[in-house]
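The structure appears right after this line, and notes come after that.
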Amino acid sequence: MHMLDSYVHGAWVGGTGEPAWLKDPVTGETLAGASSAGLDLARACAYARDTGGAALRALSYAERAALLARVAEVLTGQRDKYYEIALRNSGTVKNDSAVDIDGALYTLSYYARQGARIEDRAWRMDGTPDTLAKEPGFGVQHVLAPVRGVAMLINAFNFPAWGLWEKAAPALLSGVPVIAKPATATAWLAHEMVRDVIAAGVLPDGALSLVCGGSAGLLDALQPLDLLSFTGSADTAMQLRTHPSVARDGVRLNAETDSVNSALLGPDALPGSPAFEALVREVVRELSVKSGQKCTAIRRIFVPQAHYEAVAQAIGARLATLTVGNPRADVRMGALVSRAQYESVSAGLARLAAGCDMLHDRRQAPLVDADPAIAACMAPTLLGTRDPDGHPAVHHTEVFGPVATLMPYRDADHAWALARRGQGSLVASVYTDDTRFLAHTALALADSHGRIHGVSAEVAKSHTGHGNVMPQSLHGGPGRAGGGEELGGLRALAFYHRRCAVQGALQRLDALPRLHGPAPAFETVP
Ligand code: NAP
């Protein structure tokens, strides 16, 4: 049996005890095992901090950016192998695997390009000097310094490749060593990628470590100046927030959690208009890509009351053409990640359906080349309620699969209030050709959403998609979405830096931007 070792303190180490088993979600075949029991996590963190951190900090931003470019090159050379692993372990069709694998390569390359342009001395200065005292001469200059701890990166099962590299790229570019912990169910792909990068000898010793298997003890190994970046469920995030390393020692935490995202059809968009068609296309895409297992997927659809029926029919007609089953066959949708996830989605769907109409449901239709008793394949479902104010569960329940709920709104204020009932979401998309409505919607939802995605006629074909997370744009959301921020270009580096106010004589603070390289030896005057 294939065991996924961990890469810690510069060595591949196997866990002890009974491993967790990774399965093919379509055939049920056991693919690999993983256990982190018995790993010396305190030593792993110390090695990353001391050896990896020192080596990374000795390089400039541009030099570290060049390392990212090399990592992307190594991974690109093994792309076909990663697709095969995704097919077997995640049960995804090629297009869905691309979102994860090619998304990871794109993000790495993006940070390699952006980082190449960072000039060290300029980057370290945060703003310009300011005076503090009445008398001129005494002032403050804020500086940014890469954190000297380790960044623990904990990821969800749905993006084993992208989840790893979208976090690791800004960390490594900042000069911060990382320990990645992929979700166990799909850890094989992250393991293979790290194995290839380590084997290629691209990164300095200790810069990149990997823990495969359970999470027990991970947070205990962190120290106050370390970082923790998490993606996963709100329940797990709560456990992290209350762990003494975070709650007592002040480890900085970034959390990306679940989100009940929405799509909003503008009041101007008549059935058949480009905006109407764009919304229908996008809803169907979000329900089918990765079988709806995207944190950014559309869960709620808000449309003008008059068009509720027309939207339901248009979405249903498109959903009816989707084929579901074994991703090795010619299908549009593969599997959910596991049978356990299939059960969890079925239970969530039943909770939502209790107060909704079933507008489209083909779950009983035959699967293509897959046994419904074994495979975690699920056809998409469209629910609907004409009473969006009277059914709180639709605004609070994230069913992490191919399920969305259609709802009518009375007017713009009502639509915005409904979107905000998600209590903080990653993204809302707006389909309209009314520029004022688009702008007002963006401002009405900006404080409760990480991203507003506007689709109008000019970009109906070229926009990057409601659910696609681009490294140029902020990813994250307030409230129940976790309150975190990732990506957004070089803004991502902020999490891996500390801001410090340096006060002193302004003429001496002048030396700060001129410094470069390691500190020299300072002799003590005898
Ligand atoms: P999860 O059960 O919360 O697990 C996420 C990660 O946390 C896994 O690596 C898991 O390891 C680890 N973990 C579990 N308990 C832990 C603990 N006590 N201490 C430290 N780590 C712990 O989430 P999931 O089921 O993998 O992912 C689905 C959820 O993630 C959905 O709710 C989805 O919305 C959310 N998600 C959010 C985003 C975003 O960017 N906002 C992106 C993707 C997914 P094991 O696998 O070993 O248990």
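Note that full-length UniProt numbering has the sequence shown beginning at 1, numbered continuously upward. We put the beta carbon where it would ideally sit given N, CA and C, even for glycine. Fair warning: this is a prediction, and the values are worked out from it, not measured in the lab.
| Asked | Found |
| --- | --- |
| Simplified DSSP assignment, three categories, for G504 | strand |
| Cβ pair count under 8 Å reaching 3, the segment 367 to 384 against the segment 401 to 411 | yes |
| Local Cβ density within 10 Å of V284, reported as buried at 16 or more and exposed below that | buried |
| Pairwise C-alpha distance: C45 and A16 | A small fix is needed here, since residue 16 is Thr in this sequence, not Ala. Rounded to whole angstroms, T16 to C45 spans 19 Å at the Cα level. |
| Assigned exposure category for K23 - 16 Cβ within 10 Å defines buried | buried |
| Minimum C-alpha distance to D361 - residue among P392, V394, I315, F522 | I315 |
| Close Cβ partners of R252 (< 6 Å) along its chain, the five nearest in sequence each way excluded | L227 |
| Buried versus exposed call for T92 [16 or more other C-beta atoms within 10 Å across all chains shown] | buried |
| Distance between V525 and L108 (C-alpha atoms, nearest Å) | 48 Å |
| Of the residues L132, T441, S473, the one placed nearest G450, counting alpha carbons only | S473 |
| Close beta carbons around G250, own chain, < 8 Å, minus the five adjacent residues each side | P224 |
| T257 and G292 closer than 8 Å at C-beta | no |
| Per-residue DSSP class, three states only, for R299 | strand |
| For T464, three-class secondary structure by DSSP | coil |
| Distance between beta carbons of L443 and A419, contact taken as under 8 Å | No, A419 and L443 are not in contact; Cβ-Cβ is about 13 Å, not under 8 Å. |
| Cα-Cα separation between G489 and Y106, rounded to whole angstroms | 13 Å |
| Local Cβ density within 10 Å of V459, reported as buried at 16 or more and exposed below that | exposed |
| Selection from A373, T186, V337 that minimises the alpha carbon distance to G401 | V337 |
| Through-space distance from T441 to V150, alpha-carbon basis | 40 Å |
| CB-CB length for P25 against A376, believed under 8 Å | 4 Å |
| Contact with chain B by G355, beta-carbon distance below 8 Å | As a matter of chain content, chain B is missing from the structure shown, which is built from one protein chain. |
| Within 8 Å, strictly: CB atoms of V144 and H497 | A small fix is needed here, since residue 144 is Leu in this sequence, not Val. Yes, the pair counts as a contact, with Cβ atoms nearer than the cut-off. |
| N-terminal and C-terminal residue of the alpha helix (DSSP H) that D413 is part of | 412 to 420 |
| Residues sharing a beta bridge with W21, DSSP | G33 |
| Expected contact under 8 Å - CB spacing of P129 and L506 to nearest Å | 6 Å |
| H396 versus C295 - alpha carbon distance | 14 Å |
| Continuous beta strand (DSSP E) stretch holding P244: start and end | Segment 244 to 247 is the alpha helix (DSSP H) holding P244; no beta strand (DSSP E) there. |
| Heavy atom of the ligand NAP within 7 Å of E485 beta-carbon | no |
| Start-end ranges of the alpha helix (DSSP H) lying completely within the segment 308 to 361, minimum 4 residues | 308 to 319, 339 to 353 |
| Closest residue to A183 among I154, L349, K167, E166 (Cα-Cα distance) | I154 |
| Contact belief for L512 with Q141 at Cβ below 8 Å, rounded distance in angstroms | 6 Å |
| Cβ-Cβ distance between L39 and S6 below 8 Å | yes |
| Separation of G175 from S346, as counted between CA atoms | 44 Å |
| Entirely enclosed alpha helix (DSSP H) segments - the segment 151 to 176, minimum 4 residues | 162 to 174 |
| Residues that DSSP places opposite residue 527 in a beta bridge | For residue 527 there is no data in the structure shown, the boundaries of the chain being 1 and 526. |
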